[in-house]
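For the sequence shown, the working numbering begins at 248 and goes up steadily by one.
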Amino acid sequence: MATARTKVRLVVAYDGGSFHGMARNDGVITVAGVLEDGLARILGEPATLTVAGRTDKGVHAWGQVVSFDARGDVDLARLQRSLNGLGGGAVVVRSAAIVDDDFDARFSARWRRYRYTVLNRDVPDPFEGHLSWHVPADLDLDAMRRACTPLVGEHDFSAFCRRPKAPAGASEVPSLVRRVLDADWSRVDDDRLRFEIRASSFCHQMVRSLVGALVAVGKGRLAPEDIADILRSRDRARCPDVAPPHGLCLWDVGYDEPS
């Protein structure tokens, strides 16, 4: 008699500085590799993860979501405790839940939200330097906020994304059209600025490229209206430097509420 199966969803947080990205990659330590190895040890069988966002090397997460199949008698409380023990604090399972069989961490997601933190003062912070981009130059927050306006809506973000290669056997590269739901800057305190963007999905290096361009606006190297011109150009060469990964965090992922 076949053992009943169920679908498990985990909400995971991690410090990306310890990992070579999210996706499993033999020979280097990745978040998915640590989780899958831990699950195999705890469950006594292989577990293949589906992830909501494939964060790059050095990018952090507070609300990453993963899903996988497990036996129907899985003990979620034990699973969470055991994974957190094996993760050594670098990967933390914030919650674990049984979900519908058709749930998929990636394809069921309605949106993803990223946050990017800029430390805007003369002196760096040795304790938070791995979580923020230190920009000592004065930044015009109002100009940076105005520059966000043209990003909202459905656009081709080719100017702000690394161009993907066409899949094997395909004649065209994947579309870089994305739908941004909201994007804005805010002041966290006297020294910190935060960029927050929510979209149905993101292409490779999109958020970091946008932050690099918007910080250039804040420095006065670009005018706020230049962002719309760069977006319309679809020309990657017109995008300023890409912001470093350590200021970026996948904050949360949105799903339809169960009926």
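Don't be surprised by glycine CBs; every beta carbon is placed ideally from N, CA and C.
Predicted model only: the values in this text are computed from it and were never measured.
Item, Value
"Out of Arg301, Asp320, Arg393, Pro383, state which residue places its alpha-carbon closest to the alpha-carbon of arginine 353.", "Arg301"
"Quick one: what's got a C-beta closer than 6 Å to proline 383's C-beta in the same chain, skipping five residues either side?", "Asp369"
"Alpha carbon to alpha carbon, how far is arginine 410 from threonine 253? Give it in angstroms, no decimals.", "37 Å"
"Under three-state DSSP, which class holds phenylalanine 266?", "coil"
"Tell me where the alpha helix (DSSP H) around serine 422 begins and ends.", "Neither: serine 422 is in no alpha helix (DSSP H) and is coded neither H nor E."
"Can you tell me the Cα-Cα spacing of valine 489 and aspartate 320, whole angstroms?", "46 Å"
"Whole angstroms is fine: what's the gap from arginine 392's alpha carbon to arginine 271's?", "36 Å"
"Is valine 313 closer than 8 Å to threonine 295 when the C-beta atoms are compared?", "no"
"Whose C-beta lies closer than 8 Å to the C-beta of valine 339 among residues of the same chain, with five residues either side of it excluded?", "Val259, Ala260, Tyr261, Asn331"
"Could you give the distance in angstroms between the alpha-carbon of alanine 344 and the alpha-carbon of valine 275?", "29 Å"
"What are the start and end residues of the beta strand (DSSP E) that includes isoleucine 289?", "Where isoleucine 289 is concerned, there is no enclosing beta strand (DSSP E), although the alpha helix (DSSP H) it sits in stretches over 278-290."
"In this structure, how does DSSP classify lysine 254 when only helix, strand and coil are distinguished?", "strand"
"Whole beta strand (DSSP E) runs in the segment 334-392 with 3 or more residues, listed along the chain?", "338-346, 356-366"
"Please report the straight-line C-alpha distance between glycine 467 and glycine 263, rounded to a whole angstrom.", "31 Å"
"Have a look at the DSSP bridge pairing and note the partners of alanine 549.", "No answer is possible for residue 549: the residues shown for the chain start at 248 and end at 506."
"Going by Cα to Cα distance, which pick from Asp499, Trp358, Asp503 is closest to glycine 310?", "Asp499"
"Counting only beta-carbon atoms, is glycine 274 nearer than 8 Å to chain C?", "Any reference to chain C falls outside this structure, which holds one protein chain only."
"Please report the distance separating the alpha-carbon of aspartate 372 from that of serine 447.", "33 Å"
"Is the beta carbon of glycine 494 less than 8 Å from the beta carbon of tryptophan 380?", "yes"
"Taking the Cβ atom as the reference point for each residue, do histidine 451 and arginine 425 lie within a distance shorter than 8 Å?", "no"
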